[in-house]
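If you're matching positions, the sequence shown starts at 2 in this note's numbering and goes up one per residue. For glycine and all other residues, C-beta sits at the position ideal for the given N, C-alpha and C.
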Amino acid sequence: MSRISILSIFSLYLIVPFNFSIAEDIKHAINYFNSRGGEVDDQVINLNSVSMINDKDLIFLQYFTQARVISLEKTNITNDGLVHLRNLISLERIRLSRTAISSIGIKHLNNLINLIELDISYTNVDDSSLDYISNMRKLEIFKAMNTQITDNGLKHFENLVNIKYLTLNNLRITDNGLVSLSLMPNLVSKLQTITLGNTDITDDGLKHLESFNGLISIMLTGTKVTKEGVQRLQAKLPRCRIIY
(Lines of atoms letter the chains of each structure in order from A; the text may use other names.)
(Lines give C-alpha, C1' and ligand atoms only; values in the text may rest on other atoms or scores of the structure.)
Protein backbone atom coordinates (compact mmCIF):
# COMPACT_ATOMS: atom_id res chain seq x y z
CA MET A 2 0.00 0.00 0.00
CA SER A 3 1.39 3.39 -0.94
CA ARG A 4 2.22 6.11 1.56
CA ILE A 5 -0.56 8.28 0.13
CA SER A 6 -3.12 5.48 0.49
CA ILE A 7 -2.11 4.83 4.10
CA LEU A 8 -2.32 8.46 5.05
CA SER A 9 -5.70 8.75 3.30
CA ILE A 10 -7.10 5.83 5.27
CA PHE A 11 -6.02 7.31 8.57
CA SER A 12 -7.21 10.79 7.70
CA LEU A 13 -10.62 9.26 6.99
CA TYR A 14 -10.51 7.46 10.34
CA LEU A 15 -10.58 10.79 12.14
CA ILE A 16 -14.09 11.17 10.74
CA VAL A 17 -15.31 7.56 10.39
CA PRO A 18 -13.90 4.93 12.83
CA PHE A 19 -12.36 1.71 11.51
CA ASN A 20 -14.64 -1.25 11.03
CA PHE A 21 -11.94 -3.83 10.39
CA SER A 22 -11.04 -6.91 12.39
CA ILE A 23 -8.62 -6.42 15.29
CA ALA A 24 -5.80 -7.90 13.20
CA GLU A 25 -6.55 -5.56 10.32
CA ASP A 26 -6.81 -2.55 12.63
CA ILE A 27 -3.36 -3.08 14.12
CA LYS A 28 -1.90 -3.86 10.67
CA HIS A 29 -3.15 -0.53 9.32
CA ALA A 30 -1.93 1.29 12.45
CA ILE A 31 1.54 -0.25 12.11
CA ASN A 32 1.68 0.73 8.44
CA TYR A 33 0.63 4.26 9.30
CA PHE A 34 3.29 4.80 11.96
CA ASN A 35 5.98 3.22 9.82
CA SER A 36 5.01 5.38 6.85
CA ARG A 37 5.77 8.41 9.00
CA GLY A 38 9.25 7.20 9.91
CA GLY A 39 8.62 4.94 12.89
CA GLU A 40 9.85 1.41 13.59
CA VAL A 41 6.71 -0.25 14.84
CA ASP A 42 5.29 -3.72 15.33
CA ASP A 43 2.63 -5.06 17.67
CA GLN A 44 5.10 -5.32 20.59
CA VAL A 45 7.45 -2.35 20.14
CA ILE A 46 6.40 1.18 19.16
CA ASN A 47 9.54 3.14 18.35
CA LEU A 48 8.68 6.68 17.24
CA ASN A 49 11.86 8.21 18.62
CA SER A 50 12.69 11.50 16.86
CA VAL A 51 9.80 11.18 14.40
CA SER A 52 8.94 14.86 14.09
CA MET A 53 5.74 14.18 12.16
CA ILE A 54 4.13 12.47 15.16
CA ASN A 55 1.78 14.59 17.26
CA ASP A 56 -1.00 14.07 19.81
CA LYS A 57 -3.68 13.31 17.22
CA ASP A 58 -1.64 10.46 15.76
CA LEU A 59 -1.58 8.69 19.10
CA ILE A 60 -5.27 7.85 18.88
CA PHE A 61 -4.15 4.81 16.89
CA LEU A 62 -2.32 3.43 19.92
CA GLN A 63 -5.64 1.97 21.07
CA TYR A 64 -4.98 -1.03 18.80
CA PHE A 65 -1.64 -1.90 20.44
CA THR A 66 -3.09 -3.71 23.45
CA GLN A 67 -0.16 -6.15 23.59
CA ALA A 68 2.61 -3.55 23.20
CA ARG A 69 5.50 -3.84 25.67
CA VAL A 70 7.62 -0.82 24.71
CA ILE A 71 6.84 2.67 23.47
CA SER A 72 9.42 5.34 22.70
CA LEU A 73 8.14 8.86 22.02
CA GLU A 74 11.40 10.69 22.66
CA LYS A 75 11.97 13.91 20.74
CA THR A 76 8.48 13.96 19.26
CA ASN A 77 5.89 16.76 19.33
CA ILE A 78 3.57 15.09 21.80
CA THR A 79 2.13 16.95 24.80
CA ASN A 80 0.06 16.02 27.83
CA ASP A 81 -2.99 15.55 25.61
CA GLY A 82 -1.27 12.77 23.71
CA LEU A 83 -0.57 10.73 26.83
CA VAL A 84 -4.30 10.13 27.25
CA HIS A 85 -3.99 7.49 24.53
CA LEU A 86 -1.52 5.44 26.58
CA ARG A 87 -3.72 5.03 29.63
CA ASN A 88 -5.29 1.70 28.61
CA LEU A 89 -2.12 0.03 27.33
CA ILE A 90 -1.71 -1.99 30.49
CA SER A 91 0.79 -4.42 28.94
CA LEU A 92 3.37 -1.66 28.58
CA GLU A 93 6.62 -2.34 30.41
CA ARG A 94 8.80 0.50 29.09
CA ILE A 95 7.87 4.12 28.28
CA ARG A 96 10.38 6.67 27.05
CA LEU A 97 9.21 10.28 26.93
CA SER A 98 12.41 12.30 27.19
CA ARG A 99 12.69 15.65 25.43
CA THR A 100 8.96 16.09 24.94
CA ALA A 101 6.63 18.87 26.08
CA ILE A 102 4.90 16.81 28.77
CA SER A 103 4.43 17.82 32.40
CA SER A 104 3.01 16.23 35.55
CA ILE A 105 -0.50 16.86 34.24
CA GLY A 106 0.18 14.30 31.54
CA ILE A 107 1.81 11.76 33.84
CA LYS A 108 -1.52 11.23 35.63
CA HIS A 109 -2.75 9.45 32.48
CA LEU A 110 -0.16 6.73 33.11
CA ASN A 111 -1.40 6.11 36.63
CA ASN A 112 -2.84 2.65 35.96
CA LEU A 113 0.11 1.27 33.98
CA ILE A 114 1.14 -0.94 36.85
CA ASN A 115 3.32 -3.27 34.76
CA LEU A 116 5.92 -0.63 33.91
CA ILE A 117 9.51 -1.54 34.71
CA GLU A 118 11.12 1.46 32.97
CA LEU A 119 10.07 5.11 32.75
CA ASP A 120 12.16 7.88 31.22
CA ILE A 121 10.83 11.44 31.64
CA SER A 122 14.16 13.24 31.31
CA TYR A 123 14.29 16.75 29.85
CA THR A 124 10.58 17.41 30.41
CA ASN A 125 8.57 19.82 32.57
CA VAL A 126 7.64 17.13 35.10
CA ASP A 127 7.81 18.18 38.76
CA ASP A 128 7.34 16.65 42.23
CA SER A 129 3.58 16.21 41.79
CA SER A 130 4.22 13.57 39.11
CA LEU A 131 5.60 11.24 41.77
CA ASP A 132 2.07 10.94 43.22
CA TYR A 133 1.16 8.99 40.09
CA ILE A 134 4.50 7.30 39.46
CA SER A 135 4.49 5.88 42.98
CA ASN A 136 1.68 3.52 41.91
CA MET A 137 4.04 1.81 39.47
CA ARG A 138 5.22 -0.78 41.98
CA LYS A 139 7.13 -2.90 39.44
CA LEU A 140 9.27 0.02 38.28
CA GLU A 141 12.99 -0.85 38.22
CA ILE A 142 14.45 1.91 36.04
CA PHE A 143 13.57 5.57 36.55
CA LYS A 144 15.22 8.39 34.62
CA ALA A 145 14.33 11.98 35.41
CA MET A 146 17.36 14.11 34.61
CA ASN A 147 16.77 17.79 33.85
CA THR A 148 13.26 17.90 35.27
CA GLN A 149 11.73 19.95 38.10
CA ILE A 150 11.88 17.13 40.66
CA THR A 151 13.34 18.09 44.06
CA ASP A 152 14.02 16.54 47.46
CA ASN A 153 10.28 16.60 48.20
CA GLY A 154 9.55 14.39 45.23
CA LEU A 155 12.04 11.74 46.33
CA LYS A 156 9.88 11.01 49.39
CA HIS A 157 7.44 9.19 47.09
CA PHE A 158 10.02 6.54 46.26
CA GLU A 159 8.99 4.69 49.41
CA ASN A 160 6.26 2.97 47.38
CA LEU A 161 8.61 2.03 44.53
CA VAL A 162 9.89 -1.12 46.15
CA ASN A 163 11.72 -2.56 43.11
CA ILE A 164 13.83 0.37 41.94
CA LYS A 165 17.34 -0.70 40.84
CA TYR A 166 18.49 2.17 38.60
CA LEU A 167 17.97 5.87 39.35
CA THR A 168 19.08 8.66 37.03
CA LEU A 169 18.67 12.00 38.80
CA ASN A 170 21.22 14.27 37.15
CA ASN A 171 20.71 18.02 37.02
CA LEU A 172 17.97 18.13 39.64
CA ARG A 173 17.54 20.37 42.65
CA ILE A 174 18.52 17.57 45.01
CA THR A 175 20.44 18.13 48.23
CA ASP A 176 21.70 15.97 51.08
CA ASN A 177 18.17 16.03 52.50
CA GLY A 178 16.99 14.02 49.52
CA LEU A 179 19.54 11.30 50.26
CA VAL A 180 18.37 11.23 53.87
CA SER A 181 14.87 10.38 52.62
CA LEU A 182 16.15 7.63 50.32
CA SER A 183 18.26 6.08 53.08
CA LEU A 184 15.13 5.55 55.18
CA MET A 185 13.52 3.27 52.57
CA PRO A 186 14.54 -0.36 53.29
CA ASN A 187 13.55 -1.76 49.89
CA LEU A 188 15.49 0.91 48.06
CA VAL A 189 18.53 0.45 50.30
CA SER A 190 18.60 -3.27 49.59
CA LYS A 191 17.84 -3.24 45.84
CA LEU A 192 19.34 -0.08 44.36
CA GLN A 193 22.30 -0.88 42.08
CA THR A 194 23.01 2.37 40.24
CA ILE A 195 22.37 6.00 41.08
CA THR A 196 23.49 9.03 39.10
CA LEU A 197 23.46 12.38 40.89
CA GLY A 198 25.58 14.52 38.60
CA ASN A 199 25.22 18.30 38.85
CA THR A 200 23.17 18.21 42.04
CA ASP A 201 23.89 19.89 45.38
CA ILE A 202 25.10 16.73 47.12
CA THR A 203 27.98 17.19 49.59
CA ASP A 204 30.13 14.87 51.69
CA ASP A 205 27.44 14.94 54.37
CA GLY A 206 24.99 13.46 51.88
CA LEU A 207 27.38 10.66 50.95
CA LYS A 208 27.16 9.34 54.49
CA HIS A 209 23.56 8.38 53.77
CA LEU A 210 24.62 6.15 50.88
CA GLU A 211 26.87 4.01 53.05
CA SER A 212 24.08 1.54 53.84
CA PHE A 213 23.27 0.85 50.16
CA ASN A 214 25.28 -2.35 50.01
CA GLY A 215 23.95 -3.37 46.60
CA LEU A 216 25.28 -0.32 44.81
CA ILE A 217 27.68 -1.06 41.98
CA SER A 218 27.82 2.43 40.45
CA ILE A 219 27.49 6.01 41.73
CA MET A 220 27.97 9.06 39.53
CA LEU A 221 28.74 12.32 41.35
CA THR A 222 30.32 14.57 38.72
CA GLY A 223 29.51 18.23 39.12
CA THR A 224 28.48 17.90 42.77
CA LYS A 225 30.01 19.42 45.94
CA VAL A 226 31.65 16.25 47.19
CA THR A 227 35.37 16.10 47.94
CA LYS A 228 38.03 13.47 47.37
CA GLU A 229 38.07 12.72 51.08
CA GLY A 230 34.30 12.23 51.19
CA VAL A 231 34.39 9.89 48.21
CA GLN A 232 37.22 7.88 49.74
CA ARG A 233 35.22 7.38 52.93
CA LEU A 234 32.22 6.17 50.92
CA GLN A 235 34.44 3.90 48.82
CA ALA A 236 35.74 2.27 51.99
CA LYS A 237 32.15 1.45 52.98
CA LEU A 238 31.20 0.26 49.48
CA PRO A 239 34.34 -1.46 48.14
CA ARG A 240 32.56 -3.15 45.22
CA CYS A 241 31.02 0.09 43.99
CA ARG A 242 32.46 2.21 41.18
CA ILE A 243 32.27 5.86 42.18
CA ILE A 244 32.77 8.58 39.57
CA TYR A 245 33.14 12.16 40.73
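Rounded straight-line distance, which links the Cα of residue j to that of residue i
{"i": "T227", "j": "G178", "result": "19 Å"}
{"i": "G215", "j": "L234", "result": "13 Å"}
{"i": "K165", "j": "K57", "result": "35 Å"}
{"i": "A30", "j": "L197", "result": "40 Å"}
{"i": "Q232", "j": "H109", "result": "44 Å"}
{"i": "T66", "j": "D43", "result": "8 Å"}
{"i": "I243", "j": "T222", "result": "10 Å"}
{"i": "V51", "j": "T76", "result": "6 Å"}
{"i": "N153", "j": "V180", "result": "11 Å"}
{"i": "A236", "j": "T224", "result": "20 Å"}
{"i": "S218", "j": "E141", "result": "15 Å"}
{"i": "C241", "j": "I174", "result": "22 Å"}
{"i": "K139", "j": "L116", "result": "6 Å"}
{"i": "L15", "j": "F61", "result": "Bear in mind that the predicted position of L15 carries a pLDDT of just 49, short of 50, making it unreliable; the figure below should be weighed with that in mind. When rounded, the distance between both Cα atoms is 10 Å."}
{"i": "F213", "j": "L192", "result": "7 Å"}
{"i": "F34", "j": "T124", "result": "24 Å"}
{"i": "E211", "j": "V70", "result": "35 Å"}
{"i": "Q149", "j": "L172", "result": "7 Å"}
{"i": "L86", "j": "T151", "result": "26 Å"}
{"i": "K208", "j": "G230", "result": "8 Å"}
{"i": "N32", "j": "D204", "result": "54 Å"}
{"i": "S36", "j": "N80", "result": "24 Å"}
{"i": "Y245", "j": "I202", "result": "11 Å"}
{"i": "A68", "j": "V45", "result": "6 Å"}
{"i": "I72", "j": "Y133", "result": "Correcting the residue type first, residue 72 is Ser in the shown sequence and not Ile. The alpha-carbon atoms of S72 and Y133 are separated by roughly 20 Å."}
{"i": "A101", "j": "N147", "result": "13 Å"}
{"i": "P247", "j": "R99", "result": "This structure gives no information on residue 247, because the portion of the chain shown stretches from 2 to 245."}
Continuous beta strand (DSSP E) stretch holding residue i: start and end
{"i": "K144", "result": "142-144"}
{"i": "N47", "result": "45-47"}
CB contact flag (residue i, residue j, <8 Å)
{"i": "V84", "j": "I107", "result": "no"}
{"i": "L119", "j": "F158", "result": "no"}
{"i": "R74", "j": "R96", "result": "Strictly speaking, residue 74 in this sequence is Glu, with Arg absent from that position. Result yes, Cβ atoms of E74 and R96 sit closer than 8 Å."}
{"i": "N163", "j": "N199", "result": "no"}
{"i": "G38", "j": "N47", "result": "no"}
{"i": "L89", "j": "L113", "result": "yes"}
{"i": "I195", "j": "L155", "result": "no"}
{"i": "S104", "j": "S122", "result": "no"}
{"i": "I54", "j": "I27", "result": "no"}
{"i": "S135", "j": "L161", "result": "yes"}
Opening and closing residue of the alpha helix (DSSP H) in which residue i lies
{"i": "D204", "result": "204-207"}
{"i": "L1", "result": "Since the displayed the chain opens at 2 and closes at 245, residue 1 lies outside it and no answer follows."}
{"i": "V189", "result": "186-191"}
{"i": "R233", "result": "228-237"}
Per DSSP, the bridge partner or partners of residue i
{"i": "Q149", "result": "D127"}
{"i": "N41", "result": "Per the sequence presented here, residue 41 reads as Val, with Asn not at that position. Answer by DSSP bridge pairing, in chain order: I46."}
{"i": "T196", "result": "T168, M220"}
{"i": "S103", "result": "N125"}
{"i": "V162", "result": "None, per the DSSP bridge assignment."}
{"i": "R173", "result": "T151"}
{"i": "S72", "result": "N47, R96"}
{"i": "R242", "result": "S218"}
is_contact[residue i, chain B] using C-beta, thresh 8 Å
{"i": "L188", "result": "Here chain B cannot be found, since the structure has a single protein chain."}
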